[in-house]
Amino acid sequence: MNRTLQSFLFPAITPRFLLRALMVALFSYIFFGHILTPFMIRGTSMEPTYHDGGVNFCWKLRYLFSDPKRFDVVAIRFASHHRMLLKRIVAFEGEEVEFRQGKLFIEGKAIDEPYVQYPCDWNLSPRRVEKGCVYVIGDNRSMPIEEHLFGQARVERIIGSPLW
Amino acid sequence: MVKIRYFIMGLILLMGGILSWGYLFPNEEKRVIQRFELLSQYVEKKANEDILSTANRIKNLSQLFANPCEFKIEGDPFYSLSGTYTKEEVGSYAMRGRSYFSDLSLRFGDYKVEFLDKETARVQLTGRLIGRTLSGEGVDEVRELLCTLKKVEKTWLFARLDVMEILKR
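Residue numbers (the numbering used here), protein chains in the order written: chain A, 1 to 164; chain B, 1 to 169.
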């Protein structure tokens, strides 16, 4: 083994090395813990856009200087900082949301949703999104409406968006 | 070299002293968190739990609750409980809830403790229920909880428990 490789694989534990290792650990903790958090998708509620078992990163600075937009896919804090819901924003505060025969209506107008690929037969009576909330739904609406977790969430619960 | 050794030993002793002090003389926040740890301990169920152990756990568990205690657990696929209950009723509901599982554990974390006054604490936390039902189905559910504890005769008791509704239809 040549000297360069040896010193790379088995570095001398010097104060300079320890400082460098500490800096790398600190940077990784801040970056991957609070800025770009890796997560694994569990469940099929965002199929076919995001698949069960897929890996992605939550970009937490996404809404630092801008507000969430309609049809953005967002990560919503569910419980602790490790459990998130991945959903798509369809309506904002004050807007009326309704489902008729599987078709989404916002303020009484039918919405074209190209990301919904599976058949849907949901019916949901009209309801208005409360102040400080957004209405979020998953892309996979092939299951009965009772089995799909969707509804209005507080805006401050949005912690970011998936990186891709 | 000798000086460094004494310094390290002193540092270890100091840390040990601080930890022992914290353990032996907990502050109010620690006392509140200890109640959740006890609740977790009493809810836990092992596969071969005998009836005496069950009775003991339920008796101890009901002692953690104020009389009456308010619950708001709604929209949960496994357990739903809303209203005001006596601690005996809480015990019987807990017994019924545990009976659905062959093994069960309830863990708490991410505590945010806030004291509304000297005798009222509000705690926002995460609860994780892991277990296996009698039919063999695995359960791993995480919820955000909001609890209110009241200090009654120098003991913190659970007075209200809400499961936070994240998505409201």
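For glycine and all other residues, C-beta sits at the position ideal for the given N, C-alpha and C.
(message) Using the three-state DSSP reduction, which class does A/Q152 fall into: helix, strand or coil?
(response) The answer is strand: DSSP assigns A/Q152 an E or B state.
(message) One question on the structure: do A/I158 and A/V74 come within less than 8 Å of each other, judged by their Cβ atoms?
(response) Pairing A/I158 with A/V74 gives a Cβ-Cβ distance under 8 Å.
(message) Tell me the rounded alpha-carbon separation between B/R132 and B/V139.
(response) Roughly 6 Å separates the two Cα atoms.
(request) Report the neighbours of B/G109 on chain A: residues whose CB is nearer than 8 Å to its CB, in chain order. (result) Neighbours of B/G109 on chain A, chain order: S80.
(message) Given this structure, state the Cα-to-Cα distance separating A/L9 from A/G160, to the nearest angstrom.
(response) 37 Å
(message) So for A/G33, helix, strand or coil by DSSP?
(response) helix
(message) Against chain B, with Cβ distances strictly below 8 Å, would A/R141 count as a contact?
(response) For A/R141, no Cβ of chain B is located within less than 8 Å of the residue's own Cβ.
(request) Measure the Cβ-Cβ separation of B/G136 and B/L125 and say whether it is below 8 Å. (result) no
(request) Check whether the Cβ atoms of A/K60 and A/H34 lie closer than 8 Å to each other. (result) yes
(message) Assess contact between the region 16-36 of chain A and the region 122-142 of chain A, defined as three or more Cβ pairs (one per stretch) separated by less than 8 Å. Is contact present?
(response) Contact between the region 16-36 of chain A and the region 122-142 of chain A is absent: fewer than 3 CB-CB pairs across the two stretches fall below 8 Å.
(request) List the residues of chain A whose Cβ lies closer than 7 Å to the Cβ of B/K45, in chain order. (result) What B/K45 touches in chain A: nothing, since even the nearest Cβ is about 22 Å away.
(message) Between A/L18 and chain B, is the shortest Cβ-Cβ distance under 8 Å, so that the two count as touching?
(response) no
(message) Rounding to the nearest angstrom, what Cα-Cα distance links B/T65 and A/R16 in this structure?
(response) It should be pointed out that residue 65 of chain B corresponds to Phe in this sequence rather than to Thr. So the two alpha carbons sit approximately 55 Å from each other.
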